[in-house]
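What follows is a short report on a single structure.
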Amino acid sequence: MEKRNQIYEGKAKRVYETEDPELLIVSYKDDATAFNGLKKGSIAGKGVINNQMSNRLMAKLAPYGVPNHFVQELSERETLVRRVNIVPLEVIVRNIAAGSFSKRYGVEEGVVFSQPTVEYSYKNDDLGDPLLNTSHALALGLATEEEIATIRRYALMVNTFLKDFWHSCGVILVDFKLEFGRTGSGEIILADEISPDTCRLWDEKTHEKLDKDRFRRDMGGVEQAYQEIMQRLLEHI
Ligand code: UDP
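Written out as C-alpha cells, the structure is:
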C-alpha cells in the first residue's frame, strides 16, 4: 500500500490517503508540542517509538475487545490504519492525580484514586480543548448518547488492560488520553495513538517519569525516558 495525497498534518503525525478509500497511512514525526502548541520542540526517535508502541498495544487491545484502527505496520514510522471520522472528544482516564486534575482541583500529584475517573474535553485548539460533560457533548452534537456510552466503556477497558500491562513492566499508569472515530458504517473504534506522548507513566519503584512530562516540564533525559519505556514494553509484550 502506498501513500497518495496528504490529507492532514497535525502536531505529531501526518496522514495520507491510499488507493483504498477506507485505509489511511499515518506517519509519526519527532516534533513535540505542549500547552496547546505554545511550547515546541523535537524528541529524537519519538516518532519511531510512538508508532511501534501504539501498534503493539492496539494489536493486543483488539482481541481484548476494544476494536481499533490498527491494520498493519508499514515501516518504523508508518502504519496503515482504518479511515474514521474522529469524534471531537479527548477522552481522559485517570488512576492517580496529576497535571490538569491536580491544578484544577488542588490535589497533590500522586494521590491514588479508589476508582478511575473518565473526563472529556472538546477537541478544539481555538478554544483550548475545554473540559465538558456528557450533556454538553450532546448539546453540541459531538456524539450520541449511545456513542458516548460505548466510548466510556471502551476507555475503561483500555484502562484495565493498560494498567495490568504496564504493571507487568514495573510501570504505573497514571493517566492517558484516547480518541475515538466512526468508521464508514458508523461503528465506534479506538483511533489516534497510545504512547508516552498521551500517557503518564511512572517507574513503580522510583516514580521517575517515563513520558512527555519530561519535555513539558524541561526535566531533561526526554529521549532516554522514551527509550527506557519502549525497552520495558518490548521485554513484556
Ligand atoms: N493528554 C494528551 N493530549 C492533550 C492533553 C492531555 O495526550 O492534549 C494526556 C496527557 O499526556 C496525560 C493525560 O492526557 O497523560 C491527562 O492530561 P492532563 O489533563 O493532566 O493535561 P496536561 O497536564 O497534560 O495539560
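Using this note's numbering, the first residue of the sequence shown is number 2, and each one after it goes up by one.
Using N, Cα and C, we set each Cβ at its ideal position, and we do this for glycine too.
Residue from D193, E205, T184, R15 with nearest C-alpha to D165 = For the purposes of this step, residue 165 is taken as residue 164 along the sequence shown, with counting starting at 1. Of the candidates D193, E205, T184, R15, the one whose C-alpha sits nearest the C-alpha of D165 is E205.
Close-in-space but distant-in-sequence residues of the same chain around V67 (CB under 8 Å, 5 per side omitted) | As a first step, residue 67 is located in the sequence shown; it is residue number 66 there, counting from the start. Counting only Cβ-Cβ distances below 8 Å, and skipping sequence neighbours, we find Y155, M158, V159, F162, L191.
So is Y227 buried or exposed if we call it buried at 16+ other beta carbons inside 10 Å?
-> The count along the sequence shown starts at 1 and reaches residue 227 at position 226. Buried is the call here.
What do you reckon, is the C-beta of R201 under 6 Å from a heavy atom of ligand 2?
-> Judged by which ligands are present, ligand 2 is missing from the structure shown, whose ligands are ligand 1.
Find the nearest neighbour of P89 within the set L25, E180, L75, V82, judged by alpha-carbon distance.
-> By 1-based counting over the sequence shown, the position of residue 89 is 88. The shortest Cα separation from P89 among L25, E180, L75, V82 belongs to E180.
Three-state secondary structure (DSSP) at S169?
-> The residue given as residue 169 occupies position 168 in the sequence shown. In the structure shown, S169 sits in a helix (DSSP, three-state: H, G or I).
Nearest candidate by alpha-carbon position, reference N12, set K4, A35, F71, I26 = Residue numbering aside, residue 12 sits at position 11 when the sequence shown is read from its first letter. Checking the sequence shown, residue 12 turns out to be Lys, not Asn. Of K4, A35, F71, I26, the residue nearest in Cα terms is A35.
Decide if the segment 211-231 is in contact with the segment 35-48; the criterion is three or more beta carbon pairs, one per stretch, under 8 Å apart.
-> yes
Specify, as a first and last residue, the run of the beta strand (DSSP E) that V94 falls within.
-> For this step, residue 94 is matched to residue 93 along the sequence shown. Run containing V94: 90-97, per the beta strand (DSSP E) assignment.
State yes or no: is the C-beta of A178 nearer than 6 Å to some heavy atom of ligand 1?
-> On the sequence shown, residue 178 is found 177 positions in, with the first residue counted as 1. For the record, residue 178 in the displayed sequence is Lys; it is not Ala. Yes - ligand 1 has a heavy atom lying nearer than 6 Å to the Cβ of K178.
If you measure from the CB of S101, is any heavy atom of ligand 1 nearer than 6 Å?
-> On the sequence shown, residue 101 is found 100 positions in, with the first residue counted as 1. Within the cutoff, so yes.
Nearest-angstrom Cα separation, counted from V92 out to K41 | Here residue 41 refers to the residue found at position 40 when the sequence shown is read from its first residue. Here residue 92 refers to the residue found at position 91 when the sequence shown is read from its first residue. Taking C-alpha positions only, K41 is separated from V92 by approximately 23 Å.
Apart from the five residues just before and just after A63, which ones in its own chain have a Cβ nearer than 8 Å to its Cβ?
-> What you label residue 63 is simply residue 62 of the sequence shown in a count that begins at 1. Answer for A63: N69, F71, listed in chain order.
In this structure, does DSSP put N125 in helix, strand or coil?
-> By 1-based counting over the sequence shown, the position of residue 125 is 124. Here N125 sits in coil by DSSP.
Where does L235 land, buried or exposed, given buried means 16+ other C-beta within 10 angstroms?
-> Taking the sequence shown and counting its residues from 1, one reaches residue 235 at position 234. Answer is exposed; the Cβ neighbour count stays below 16.
How many Å lie between N37 and R217 at the Cα?
-> As a first step, residue 37 must be located in the sequence shown, where it is residue number 36. As a first step, residue 217 must be located in the sequence shown, where it is residue number 216. Near 11 Å, if we compare the C-alpha coordinates of R217 and N37.
For R201 versus D193, is the C-beta spacing smaller than 7 Å?
-> Taking the sequence shown and counting its residues from 1, the one referred to as residue 201 is at position 200. Taking the sequence shown and counting its residues from 1, the one referred to as residue 193 is at position 192. No, they are not a contact pair.
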